[in-house]
Amino acid sequence: MKPQRVAVVVGVGVLGASVGWNLSRSGVDVVLVDAGRPGEGVTNWSFSWANASNKTASKSYFDLNVAGMEAHRELARTIGPDSWWYPDGHLRWAADPAAERRLLQTAELLTSWNYAVEVSTGAEVRRRLEPALTLPDDIPVLFYPDEAWVHGRHLVSRLVSEAVAAGAEHRFGTTVRDISTGADGSVRSVALSDGSRLAADIVVNAAGPDAADVAGLVARHLPMRREPGVVTRIGCAQVPVRRAMHAPHVEIRPDGNSSVVLHSREIDALIDTGEEPSELARLLHELARQVVPDLGNGHITQTRVANRPIPADGFPSVGAWSSVPGYYEAVSHSGITLGPVIGRLLASEILSGERDRLLTDFHPERFAA
Ligand SMILES: Cc1cc2nc3c(=O)[nH]c(=O)nc-3n(C[C@H](O)[C@H](O)[C@H](O)COP(=O)(O)OP(=O)(O)OC[C@H]3O[C@@H](n4cnc5c(N)ncnc54)[C@H](O)[C@@H]3O)c2cc1C
23 MKPQRVAVVV GVGVLGASVG WNLSRSGVDV VLVDAGRPGE GVTNWSFSWA NASNKTASKS
83 YFDLNVAGME AHRELARTIG PDSWWYPDGH LRWAADPAAE RRLLQTAELL TSWNYAVEVS
143 TGAEVRRRLE PALTLPDDIP VLFYPDEAWV HGRHLVSRLV SEAVAAGAEH RFGTTVRDIS
203 TGADGSVRSV ALSDGSRLAA DIVVNAAGPD AADVAGLVAR HLPMRREPGV VTRIGCAQVP
263 VRRAMHAPHV EIRPDGNSSV VLHSREIDAL IDTGEEPSEL ARLLHELARQ VVPDLGNGHI
323 TQTRVANRPI PADGFPSVGA WSSVPGYYEA VSHSGITLGP VIGRLLASEI LSGERDRLLT
383 DFHPERFAA
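Count along the sequence shown from 1, then add 22; that gives the number in our numbering.
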């Protein structure tokens with residue numbers, strides 16, 4: 023009988039939890055390791071919008087994100103949608119004619135790729151979807167009915183519970199410090215900061231923004247971009263919006279029954295000027311209350327600057343690295359959208375050795391040179 027393979031998943035954000043859940047339900051012995059608590063890395067500090075409308079940089083990346091949205095729907099059918107899956111669509115509009123033209127051009131491209139988008143007006147949106155918004159009556163507003171937002175921490179917690187029920191072990195609050203290889207160069211074991219060592223045939227690097235450090239443990243150079251973002255949570259007695267939206271200068275989404283999440287690329291641009299996070303949060307709150315005046319009654323509860331986990335060319339790095347058999351990567355921005363599909367495709371690659379065509383452009387080997 024072939025000995026059972028052991029997979030150590032390094033990092034339990036949305037990507038590690040998705041890979042670990044898929045492997046454990048396929049009968050692999052899985053150990054989930056996280057330096058902190060599962061789901062409390064960048065997965066908890068994300069705008070968390072599941073979409074492909076913002077992923078038109080290449081057709082293969084768009085297709086992967088469309089598959090990501092479908093994988094979420096499938097996951098919601100399999101484990102249930104409770105407390106993590108909010109498929110209420112997404113709204114987007116612009117403040118000036120040039121930006122408006124660009125949005126409408128993107129909508130045309132997306133329509134030609136069979137992606138659902140409806141063009142509405144400010145007045146219609148207020149009447150049908152979001153009564154609390156202030157936006158001009160006659161401006162065009164794009165509505166993407168198939169998009170969603172995801173409660174990342176809750177999703178991770180569900181996947182971890184399901185993986186544990188299928189037999190996975192976990193080590194939380196301990197860091198992977200070393201990955202040892204055997205005489206043939208393949209993965210053998212993983213050393214943890216608590217002094218213990220885990221035997222491993224498979225190591226999945228899902229360490230998010232720290233993925234380059236974990237890659238370094240097998241002498242692999244994984245080039246990553248530095249692209250921090252700031253997210254703030256506003257506590258409110260009643261959440262005045264029902265879905266995620268891109269207003270001209272700020273992104274707004276619900277975050278459960280008593281909280282709203284805010285993000286803005288314009289405010290991200292101030293991070294490196296040395297502005298305090300509390301000031302960035304105040305600016306976000308100010309921008310958001312211009313769109314949703316009721317948010318003026320809310321108060322800032324949490325703010326965090328987090329690094330996006332982005333390989334240097336901007337695209338995911340998913341799959342095996344042939345120089346170290348048994349070592350795999352699951353590293354990506356847009357990880358909220360892509361977590362379930364990357365989890366499924368990478369687990370299938372690990373189990374079968376076959377690579378899905380959706381991953382063709384996102385091989386870790388492209389950084390080998
Ligand atoms: C401001 C902002 C907005 C975003 N908006 C969106 C969006 O709207 N839609 C979208 O799809 N994506 C978005 N993203 C990206 C998305 O949040 C990430 O791609 C995704 O959360 C990455 O998940 P992860 O599991 O790779 O990383 P993480 O959630 O960070 O998990 C990695 C885990 O690895 C652990 N770890 C690290 N090193 C070690 C080690 N040596 N040993 C053990 N554990 C280790 C950490 O403790 C952490 O828990 C956004 C990101 C940011 C910052």
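We put the beta carbon where it would ideally sit given N, CA and C, even for glycine.
* To do: Just the C-alpha distance for Gly42 and Asp56, rounded to the nearest angstrom, thanks.
  => 12 Å
* To do: Determine the burial state of Lys81: buried for a count of at least 16 other Cβ atoms within 10 Å of its Cβ, exposed for fewer.
  => exposed
* Asked: What separation, rounded to the nearest whole angstrom, lies between the Cα atoms of Asp85 and Gly361?
  -> 14 Å
* **Span separating the alpha-carbon of Ala342 from that of Val363** => 16 Å
* Asn279: buried (16+ other C-beta within 10 angstroms of its C-beta) or exposed? -> exposed
* To do: Evaluate the contact criterion for the stretch 29-38 versus the stretch 52-66: three or more CB pairs, one atom per stretch, below 8 Å.
  => yes
* Asked: Is any heavy atom of ligand 1 found at a distance shorter than 6 Å from the C-beta of Val64?
  -> yes
* Best match in Gly336, His271 and Ala303 for proximity to Ala116 [C-alpha to C-alpha] -> His271
* Which residues share a DSSP beta bridge with Val53? -> Val30 and Glu191
* Asked: Do the CB positions of Val340 and Leu368 come within less than 7 Å of each other?
  -> yes
* Tell me where the beta strand (DSSP E) around Asn87 begins and ends. => Premise fails: Asn87 lies in the alpha helix (DSSP H), Lys81 to Ile101, not in any beta strand (DSSP E).
* To do: Please state whether DSSP places Val225 in a helix, a strand or coil.
  => strand
* Take the Cβ of Thr203 as the centre, count every other Cβ of all protein chains shown within 10 Å, and call the residue buried at 16 or more, exposed below. => buried
* Asked: Which residues mark the beginning and the end of the beta strand (DSSP E) in which His112 is found?
  -> His112 to Arg114
* Tell me whether Ala107 counts as near ligand 1, meaning its Cβ is closer than 6 Å to at least one heavy atom of that ligand. => A small correction: the amino acid at residue 107 is Trp; Ala does not occupy that position in the sequence shown. For ligand 1, not one heavy atom lies less than 6 Å from the Cβ of Trp107.
* Is the beta carbon of Asp200 less than 7 Å from the beta carbon of Leu239? -> yes
* **Terminal residues of the beta strand (DSSP E) in which Leu155 lies** => Where Leu155 is concerned, there is no enclosing beta strand (DSSP E), given that its DSSP letter is neither H nor E.
* Asked: What did DSSP end up calling Glu273 once you bin it into helix, strand or coil?
  -> strand
* Continuous alpha helix (DSSP H) stretch holding Leu239: start and end -> Here Leu239 belongs to no alpha helix (DSSP H), and DSSP marks it neither H nor E.
* Three-way DSSP call (helix, strand, coil) for Glu249 in this model -> coil
* Asked: Thinking C-beta only, is Asn329 closer than 7 Å to Pro245?
  -> no
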